[in-house]
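Take the sequence shown: its letters are residues 510 to 829, numbered as in our numbering.
Below is one structure, written out as structure tokens, with a few remarks after it.
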Amino acid sequence: MKTIEYTNALAEARALEVPSRELSLRRDPSVSQFWNENRKLLEAAWAEWEIENKDALLVPDETLLDPRLRKAIKEAWENPEKESAVANLWEEVIPGVYVAQFFDLERLADFRNYLEAVANSRVPKRAPYGIQLNRYGMMLDPRSEGHLAAPNFQAFYSDMMDRFMRPIARLLLGTYGYDNQTFGFSIQYNPDKDKDLHAHTDASSATLNININLPDETFKGSEVDFYDKASGKTVQTKFEPGKSIIHRGNVPHATHPITSGQRSNLVVWLYGDRMQIPRGSTSSYGNISSDSIKDVALESVTARQRWSLPDGPKDNVAPF
């Protein structure tokens, strides 16, 4: 098969006529066709964009993340028996829901400047379906159409999922065996566009929701309610700059309306092959496969297994 080479991919990508918001929101077949037909061009354009802006552009890497988290993660990869230091950084909200600092507050502005450069790149990006086309709404994972394919960002994203999120989820949520596939997107809540999210569960084994607001970017509202099925109680949490919430996908949760300011977040998921999630999990989404789900004796999973990479290939199934 002949490889297509682009001599001026960035200019070609910027000249594309992107499907309208209306077509995107109703998931017209032409929208998917547009992104798939232009995938290689857009990947080439992002690579060219990085090269063109290399002197001014951040290369995102793990130094953006909280130093205590980085230290504990590094030591656990070297010696999995030290994984308790990672667990100790996370505070339990209810069973299956934990909070911790994820980004380094002193580096958040660097990352936000990078995302601003992405937003200003004029390279077409697809926002998550059902989410209005706000400035920071974009798909992050290669399985998604119109994703942020900048090579340096993808290296950072893969590292964050493989070295950070997956072992943390295995440690806190017992997701081993249902976490080799990744998915992610970004969203910005504001009073004029995407202001809330009704009660739902996720099509994931684990969800990591990271706030990337700067310390001086205040907002009101937008609290997140988590429902504890065991006690019947609802517990309210509020995002803070650089802080993250990790939870099982089957924990019901809802976002209150934001009344002022803006809240910007990265949302990333883990799940198994063909969208498999642990037995007994339910989801608000309709494309979960419960056939032949592996029975993993979670209590027998070793620390060494938790701190390992999946050996299976990535599939191309996207939740939305």
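Note that CB positions come from ideal geometry on N, CA and C, so glycine has one too.
Predicted, not measured: the structure shown is a model, and the values here were computed from it.
- Within the segment 600-642, the complete beta strand (DSSP E) segments at least 3 residues long are 600-603, 606-610, listed from N- to C-terminus.
- Only exposed fits residue 560, as fewer than 16 other CB atoms lie within 10 angstroms of its CB.
- By the criterion of at least three beta-carbon pairs nearer than 8 angstroms, the segment 752-765 is not in contact with the segment 656-669.
- Note that the C-beta distance between residue 654 and residue 817 is not below 8 angstroms.
- For residue 545, there is no enclosing beta strand (DSSP E); the enclosing alpha helix (DSSP H) covers residues 538-546.
- Between residue 737 and residue 715, the beta carbon gap of about 17 angstroms keeps them out of contact (Cβ cut-off 8 angstroms).
- Sequence-distant partners of residue 825 (beyond 5 residues in either direction) whose C-beta falls short of 8 angstroms from its own C-beta, in its chain, are 652.
- Within a 10 Å sphere around the beta-carbon of residue 684 sit 16 or more other beta-carbons, which makes this residue buried.
- Nearest in C-alpha terms to residue 675, of all of 781, 645, 515, is 781.
- In this structure, DSSP gives residue 734 an extended state, which the three-state scheme calls strand.
- Between residue 518 and residue 557, the gap from beta carbon to beta carbon is short of 8 angstroms.
- Non-local beta-carbon contacts of residue 631 in its own chain, meaning distances under 7 angstroms to residues more than five positions away in sequence, involve 523 in chain order.
- With a cutoff of 8 angstroms on beta-carbon distance, residue 700 and residue 769 are scored as near each other.
- When beta bridges are read from the DSSP output, residue 769 appears opposite 729.
- Residue environment for residue 562: exposed (fewer than 16 other C-beta atoms within 10 angstroms of its C-beta).
- DSSP places residue 757 in the uninterrupted beta strand (DSSP E) bounded by 752-757.
- Take residue 758, set aside five residues on each side of it, and the residues of its chain with a beta-carbon closer than 8 angstroms to its own are 710, 711, 712, 713, 714, 715, 716, 778, 780, 786, 790, 792, in chain order.
- Burial is judged here by how many other beta carbons sit within 10 angstroms of a residue's own beta carbon; residue 634 has at least 16 and is buried.
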